[in-house]
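Read through the structure below, which is laid out as structure tokens, and then see the notes.
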Ligand code: SAT
Ligand code: MN
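In the numbering used here, the protein residues as written are 78 to 670.
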């Protein structure tokens with residue numbers, strides 16, 4: 078008798094008609110074979126999937142050029158398929174599950190003819206973690222097979238673990254013909270199923286990442302009483318050697334990876350990395366929050382990464398371990414066969430191919446690397462990886478940070494008065510868009526908790542879930558807001574960012590453990606630092622710039638609340654009343670100020 082897993086694979090193969098079925102075992106030898114296939118056999122528009130980079134300076138690294146129309150997440154083609162539209166909410170595209178499956182079946186019929194279907198068994202989370210989930214993804218491209226082995230705990234043990242159980246997360250993926258008109262990323266939360274066709278791009282195709290670990294997992298978390306969040310997890314070690322763990326949500330391409338492995342500008346402080354993108358968070362028996370990173374690799378933005386901005390990532394990318402590192406849509410330096418991107422150290426090379434493989438000159442109108450070009454690298458390459466990364470229960474979280482990208486309005490750092498107010502402020506968080514999703518860059522949109530593209534159900538219910546989680550904890554962590562992106566009148570960033578961000582983290586951990594209110598100034602929206610409470614040793618900042626960074630401007634905030642009110646109103650009567658109560662309290666406080 079075939080197992081439910083074997084039966085499912087067989088059914089998908091009958092639909093898609095591949096030439097071959099390849100059950101992956103996760104071994105090192107197999108990883109080499111898959112990269113070989115991508116260099117010699119599989120092609121996108123006649124071009125090989127992988128190009129081998131300089132093996133001396135970037136050991137085991139490869140360059141992948143995607144289909145030119147397939148370079149970022151496509152939110153307008155991403156759907157949540159629950160029986161009723163209301164449960165998916167105004168924050169999601171919705172399609173009725175049967176209709177969605179009909180459409181997908183039609184697109185998937187024969188879509189793998191002549192290709193190989195890779196069967197990828199993997200775990201999200203350490204297998205002994207209370208939150209771990211066994212998953213299987215099917216794909217028809219070596220790029221995704223190789224990337225999933227970097228990003229997840231992939232191996233044949235997972236097949237044994239699943240055994241005859243029906244209880245595993247199913248991910249079906251095919252690149253189809255790469256045509257955006259035939260591209261869909263569909264989620265079926267009630268069936269633990271993701272079905273994605275027409276794209277090979279990270280967030281659309283590595284189904285363990287945003288599709289399962291955020292969209293489906295957020296739904297599971299709501300049902301089972303935990304949270305799946307778009308957050309990094311770090312430990313901040315202070316001068317006494319005490320490590321405080323924090324989780325921080327920031328929108329895509331806004332510096333999460335840099336913050337996750339920050340090299341401290343303050344001597345004696347150190348950051349320990351646990352995760353750079355996703356956190357699964359539950360309440361432990363002692364009533365405190367514990368977080369794990371369910372992933373096993375980084376899928377980070379290349380442009381802007383350098384020894385200046387993120388030395389630990391530069392080291393990670395050149396580590397010599399047996400897991401391959403993949404660069405996607407960076408430029409190629411023809412003089413030394415190394416990847417190149419805007420913002421990397423050193424002068425612009427004389428001979429470059431751009432991300433599409435065409436010769437590039439500084440006078441060219443486009444950037445050499447795609448603005449959303451990425452690297453995929455195994456987490457164990459990271460020199461700041463915390464020993465707690467492999468600890469199944471996770472780390473205790475003392476502070477939660479919400480970061481946005483705002484040239485105005487949001488102060489450098491702000492501590493919320495309490496959990497419920499923090500949830501409201503997270504719910505109305507606005508941010509300027511980036512290249513991580515297709516669409517216009519730099520326009521303001523509400524992106525609650527940096528989860529707008531990733532919450533797999535109605536966000537009104539999600540805010541309610543956050544409020545309930547706060548009530549269940551004996552010691553809810555303090556909630557903070559950070560904004561590294563505030564500018565002056567001429568558009569120049571007021572804050573240097575990167576390694577200097579440790580000064581803000583230091584203030585935050587001190588506040589998280591504090592017993593007095595010293596060092597903070599109360600504003601209508603929360604507490605901001607007094608200048609003398611931030612450690613500026615070894616850094617110069619003018620009184621004026623500090624003031625600008627921490628200003629809470631009443632007029633700006635009134636306009637902000639008006640815009641936020643319209644956002645909240647779209648959720649209608651489903652919005653928890655506590656959210657409106659908090660909103661009204663905030664509004665009253667601002668009007669009085
Ligand atoms: O493309 S991903 O969704 O994996 C990365 C991101 O946009 O955060
Ligand atoms: Mn992300």
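All C-beta atoms in this analysis are idealised placements derived from N, C-alpha and C, irrespective of residue type, glycine included.
Subject >> Where residue 553 falls, given that 16 or more other Cβ within 10 Å makes a residue buried >> reply: In the chain shown, the residue the question calls residue 553 occupies position 476. The residue is buried, with at least 16 neighbouring Cβ atoms inside 10 Å.
Original post:
Can you tell me whether DSSP reads residue 372 as helix, strand or coil?
Top reply: Your numbering for residue 372 matches position 295 in the chain shown. Looking at residue 372 - three-state DSSP - the assignment turns out to be coil, as it is neither helix nor strand.
Original post:
Would residue 328 pass as a contact of residue 514 if the rule is Cβ separation under 7 Å?
Top reply: Mapped onto the chain shown, residue 328 falls at position 251. Mapped onto the chain shown, residue 514 falls at position 437. Contact: no.
Subject >> Simplified DSSP assignment, three categories, for residue 659 >> reply: Start at 1 with the first residue of the chain shown, and residue 659 comes out as number 582. Helix, per DSSP.
**OP:** Given a cut-off of 7 Å, decide if residue 94 and residue 190 are closer than it, judged by their beta-carbon atoms.
**Re:** The residue given as residue 190 occupies position 113 in the chain shown. The residue given as residue 94 occupies position 17 in the chain shown. Yes, the pair counts as a contact, with Cβ atoms nearer than the cut-off.
Subject >> Short CB-CB distance (under 7 Å) between residue 452 and chain D >> reply: Of the protein chains in this structure there is only one, and it is not chain D.
**OP:** Quick one: grab the DSSP three-state call for residue 458.
**Re:** Locating residue 458 in the chain shown gives position 381, counting from the first residue. Residue state, collapsed to three classes: helix.
Original post:
Taking a cut-off of 6 Å, which residues have a beta-carbon closer than that to any heavy atom of ligand 2, in chain order?
Top reply: Each of 307, 329 and 354 has a C-beta closer than 6 Å to some heavy atom of ligand 2; these make up the full list, in chain order.
Original post:
Would you call the region 298-309 and the region 459-467 in contact, with 3 or more CB pairs under 8 Å?
Top reply: Output reads no: the region 459-467 does not touch the region 298-309.
Original post:
Does at least one heavy atom of ligand 1 sit under 6 Å from the Cβ of residue 513?
Top reply: Taking the chain shown and counting its residues from 1, one reaches residue 513 at position 436. Answer for residue 513: yes, Cβ within range of ligand 1.
Subject >> 7 Å Cβ cutoff met for residue 352 and residue 335 >> reply: To locate residue 352, count along the chain shown from 1; it is residue 275. To locate residue 335, count along the chain shown from 1; it is residue 258. Contact flag unset, no.
**OP:** Using DSSP bridges, identify the partner residues of residue 304.
**Re:** Indexing the chain shown from 1 puts residue 304 at position 227. Note: residue 304 sits in a beta bridge opposite 358.
**OP:** For my contact list, residue 98 and residue 196 are in at a C-beta cut-off of 8 Å; report their separation, rounded to the angstrom.
**Re:** Here residue 98 refers to the residue found at position 21 of the chain shown. Here residue 196 refers to the residue found at position 119 of the chain shown. Yes, residue 98 and residue 196 are in contact; Cβ-Cβ is about 7 Å, under 8 Å.
**OP:** Tell me whether residue 432 sits in a helix, a strand or coil according to DSSP, three-state version.
**Re:** Along the chain shown, one-based indexing puts residue 432 at 355. In the structure shown, the three-state DSSP call for residue 432 is coil.
**OP:** Give the DSSP-derived three-state secondary structure of residue 95 in the structure shown.
**Re:** Counting from one through the chain shown, the residue named residue 95 turns up at place 18. Strand.
**OP:** Can you give me the start and stop residues for the alpha helix (DSSP H) that residue 587 sits inside?
**Re:** Within the chain shown, numbered from 1, the residue matching residue 587 stands at position 510. First-last of the alpha helix (DSSP H) with residue 587: 579-589.
**OP:** Would you kindly report the start and end of the unbroken alpha helix (DSSP H) that includes residue 214?
**Re:** By 1-based counting over the chain shown, the position of residue 214 is 137. No alpha helix (DSSP H) holds residue 214; the beta strand (DSSP E) holding it covers 210-216.
Original post:
Taking only runs of the alpha helix (DSSP H) that begin and end inside the region 259-287, which ones reach a length of at least 4 residues, in chain order?
Top reply: Runs found: 279-282.
Subject >> Simplified DSSP assignment, three categories, for residue 383 >> reply: The residue labelled residue 383 in the question sits at position 306 within the chain shown. If DSSP states are grouped into helix, strand and coil, residue 383 belongs with coil.
Subject >> Contacts around residue 627, its chain only, beta-carbon distance under 7 Å, and the 5 residues preceding and following it disregarded >> reply: As a working mapping, residue 627 is identified with position 550 in the chain shown. When the five nearest sequence neighbours on each side are left out, the beta carbons in the same chain lying within less than 7 Å of the beta carbon of residue 627 are those of 488, 489, 605 and 606, in order along the chain.
Original post:
Near residue 218, what residues of its chain come up, given a Cβ to Cβ distance below 6 Å and the 5 sequence neighbours on each side ignored?
Top reply: For this step, residue 218 is matched to residue 141 along the chain shown. Here the set comprises 252 and 277.
Original post:
Cβ of residue 672 within 6 Å of any heavy atom in ligand 1?
Top reply: The shown model of the chain, from 78 to 670, leaves out residue 672, and the question about it has no answer.
**OP:** Please classify residue 201: does DSSP put it in a helix, a strand, or coil?
**Re:** Along the chain shown, read from residue 1 onward, the residue named residue 201 stands at position 124. The answer is strand: DSSP assigns residue 201 an E or B state.
Subject >> Cα-Cα separation between residue 439 and residue 511, rounded to whole angstroms >> reply: Numbered from its first residue, the chain shown carries residue 439 at position 362. Numbered from its first residue, the chain shown carries residue 511 at position 434. Rounded to whole angstroms, residue 439 and residue 511 show a C-alpha spacing of 23 Å.
Original post:
So the beta strand (DSSP E) residue 598 belongs to, where does it begin and stop?
Top reply: By 1-based counting over the chain shown, the position of residue 598 is 521. Residue range 597-600 is occupied by the beta strand (DSSP E) that includes residue 598.
Original post:
In the DSSP assignment, what are the bridge partners of residue 190?
Top reply: Start at 1 with the first residue of the chain shown, and residue 190 comes out as number 113. In DSSP, residue 190 forms a bridge with 95.
Original post:
Does the beta-carbon of residue 242 have 16 or more other beta-carbons within 10 angstroms, so that it is buried, or is it exposed?
Top reply: Position 165 of the chain shown holds residue 242. A residue is called buried once 16 or more other Cβ atoms fall within 10 Å of its Cβ, and residue 242, having fewer, is exposed.
Original post:
What are the residues that DSSP puts in a beta bridge with residue 324?
Top reply: Residue 324 sits at position 247 when you count from the first residue of the chain shown. DSSP links residue 324 through a beta bridge to 310 and 477.
Original post:
residue 442: beta carbon under 6 Å from a heavy atom of ligand 1?
Top reply: The sequence position of residue 442 within the chain shown is 365, counting from 1. For ligand 1, not one heavy atom lies less than 6 Å from the Cβ of residue 442.
**OP:** Can you tell me the Cβ-Cβ gap for residue 617 and residue 589, rounded? I've got them flagged as a contact below 8 Å.
**Re:** Taking the first residue of the chain shown as 1, we reach residue 617 at position 540. Taking the first residue of the chain shown as 1, we reach residue 589 at position 512. Not really, about 27 Å apart at Cβ, beyond 8 Å.
Original post:
Can you tell me whether DSSP reads residue 365 as helix, strand or coil?
Top reply: Stepping through the chain shown from its first residue, residue 365 is reached at position 288. Looking at residue 365 - three-state DSSP - the assignment turns out to be coil, as it is neither helix nor strand.
Original post:
Is residue 150 near ligand 1, going by C-beta to nearest heavy atom under 6 Å?
Top reply: The residue you call residue 150 lines up with position 73 of the chain shown. Checking the Cβ of residue 150 against ligand 1 gives yes.
Original post:
Would you call the CB atoms of residue 681 and residue 255 closer than 7 Å?
Top reply: Residue 681 lies beyond the stretch modelled for the chain, which goes from 78 to 670, so this question has no answer here.
**OP:** Could you name the residues of the same chain whose beta carbon sits closer than 6 Å to that of residue 444, not counting the 5 residues immediately before and after it, in chain order?
**Re:** One-based indexing of the chain shown puts residue 444 at position 367. Leaving aside the five residues that flank residue 444 on each side, the residues in its chain whose CB is nearer than 6 Å to its CB run, in chain order, 419.
Subject >> Alpha carbon of residue 214 to alpha carbon of residue 464, nearest angstrom >> reply: If you number the chain shown from 1, residue 214 lands on position 137. If you number the chain shown from 1, residue 464 lands on position 387. For residue 214 and residue 464, the distance between alpha carbons rounds to 29 Å.
**OP:** Determine the direct distance from the alpha carbon of residue 114 to that of residue 471, and round the result to whole angstroms.
**Re:** Reading the chain shown from its first residue, position 394 is the one you call residue 471. Reading the chain shown from its first residue, position 37 is the one you call residue 114. Distance from the CA of residue 471 to the CA of residue 114, rounded to the nearest whole angstrom, comes to 37 Å.
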